[in-house]
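Contents: one structure, followed by commentary.
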Amino acid sequence: MTDISFEYNVPVFAGAPDSGTEPVHRDTPQYESLDWQTTKAGVQKAEELGFDAVWAPDHLLLGKDHAEYECWTLLSSIAGFTEDINIGSLVLCNDYRNPALVAKMAATLDVVSDGRLELGLGAGWHEPEYDAYGWEYRGGFERLMRLDESIRLMKRMWAAGDDGASFDGDHYQIEDAYCMPQPVQDPHPPILVGGQGEEVTLKLVAKHADVWNTDVFNGDVETLEHKIGVIEDHCETVGRDPDEIEYSWDGHIICTRDEEKFDHLLDLMTPIQFEEEYQDQSNIETEADAREYFIMGTPEECAEAIERRIDAGVTKFQGWFVDFPETDGMELFADEVIPQFS
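Sequential numbering of the sequence shown, starting at 149, is according to this note's numbering.
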């Protein structure tokens with residue numbers, strides 16, 4: 149069997165409502181107030197239970213009261229208090245940081261974590277953050293072309309060795325930029341690219357990525373199979389072996405034998421509240437809808453949902469455990485689901 153990895157999405161914001169039943173954010177509907185020790189304890193529990201990686205999203209104000217941990221600072225901290233578990237960004241917004249600096253930051257974090265970094269990258273999408281922090285929000289195609297240049301620039305810096313790297317692109321230019329010490333991983337940390345656009349984004353995946361990351365919009369088996377087929381077609385176009393790319397599922401997990409708890413968590417999640425940009429895709433309203441997209445139910449039902457996605461080509465499962473800050477769901481998942489895929 150191909151190695152299957154199970155990974156933990158770090159709750160970087162709180163999402164529980166002050167009153168009523170509609171959560172502030174679907175990813176953390178029971179997390180009442182952002183608290184560092186609580187978030188840290190979740191990461192430590194994931195490592196203790198044998199999860200393969202922890203991932204942090206790169207947003208700045210999505211949470212309750214707009215409180216949210218900055219991704220790169222958080223990953224650096226996590227590298228310091230963990231030993232074995234991989235650390236990754238899901239995904240780093242290309243426009244928030246200069247790519248030459250990101251290459252240097254990634255090399256440093258890979259060194260200090262003893263080669264545990266997985267670098268997730270995306271073109272960016274959340275316009276309110278651009279407006280709030282003073283970044284220019286460009287059209288979708290331009291954002292993707294900037295991401296393409298960024299990845300090419302980073303790879304050049306990592307490959308330059310003792311020599312400085314130069315790059316003269318339409319959007320980014322560097323001259324004799326050194327990236328020493330180099331990353332521990334050879335030739336560089338794995339690059340995960342997130343996104344779903346079939347004509348441009350998935351072609352960037354075929355050109356550059358070691359891993360493609362899905363999200364709730366691609367989490368059902370039919371869509372996963374379709375998107376993976378598109379990536380494989382792009383691989384043929386760009387002359388790349390599709391077996392060089394892994395596919396990851398990113399979504400919500402409810403693992404419990406308690407029917408009352410299941411119903412409560414499902415009520416908090418559905419209907420899924422999408423950001424304004426994605427309202428036209430908000431089709432997750434019922435339990436049946438949620439079961440199509442997410443991994444939920446008893447350990448046996450969770451295993452069946454995972455098996456269907458493995459059959460579609462997925463090898464990495466990055467989960468938001470909906471009952472956080474409780475860890476019962478994560479513990480049951482680690483005890484009864486993960487061993488079935490060892």
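Using N, Cα and C, we set each Cβ at its ideal position, and we do this for glycine too.
Contact between T463 and E394 holds: CB atoms are separated by about 5 Å, below the 8 Å threshold.
Selection G263, D310 and M328 evaluated against P337 yields G263 as nearest (Cα-Cα). Taking C-alpha positions only, S167 is separated from V158 by approximately 24 Å. With respect to the C-alpha of L269, the residue from D258, C327 and D358 having the closest C-alpha is D358.
G467 is bridged by DSSP to Y156 and G399. Taken through DSSP and simplified to helix, strand or coil, M253 comes out as helix. Contact between V470 and M417 holds: CB atoms are separated by about 6 Å, below the 8 Å threshold. Within a 10 Å sphere around the beta-carbon of T176 sit 16 or more other beta-carbons, which makes this residue buried. Here Y285 has E275 and Y278 as same chain residues with Cβ atoms under 6 Å from its own Cβ, once five neighbours each way along the sequence are excluded.
For a cut-off of 8 Å, the C-beta gap from A482 to G198 is around 6 Å, short enough to register as a contact. Between the stretch 322-332 and the stretch 301-313 there are three or more inter-stretch CB-CB distances shorter than 8 Å, so the stretches are counted as touching. Annotation: I454 to V250 spans about 33 Å, alpha carbon to alpha carbon. The three-state secondary structure of E408, taken from DSSP, is helix.
When C-beta atoms of the stretch 389-404 are compared with those of the stretch 439-448, three or more pairs fall below 8 Å, so the two segments count as touching. Judged by DSSP secondary structure, I420 falls outside any beta strand (DSSP E); it is assigned neither H nor E.
Look at N361 here: in three-state DSSP terms it is strand.
Taking all protein chains shown into account, D368 has 16 or more neighbouring C-beta atoms within 10 Å of its C-beta and is therefore buried. The beta carbons of A254 and L265 sit about 6 Å from each other, so the pair counts as a contact at 8 Å.
The beta-carbon separation of N361 and V341, rounded to 7 Å, stays under the 8 Å limit for a contact. Boundaries for L295: no beta strand (DSSP E) harbours it, while the alpha helix (DSSP H) harbouring it runs G288 to A307, taken from the DSSP string.
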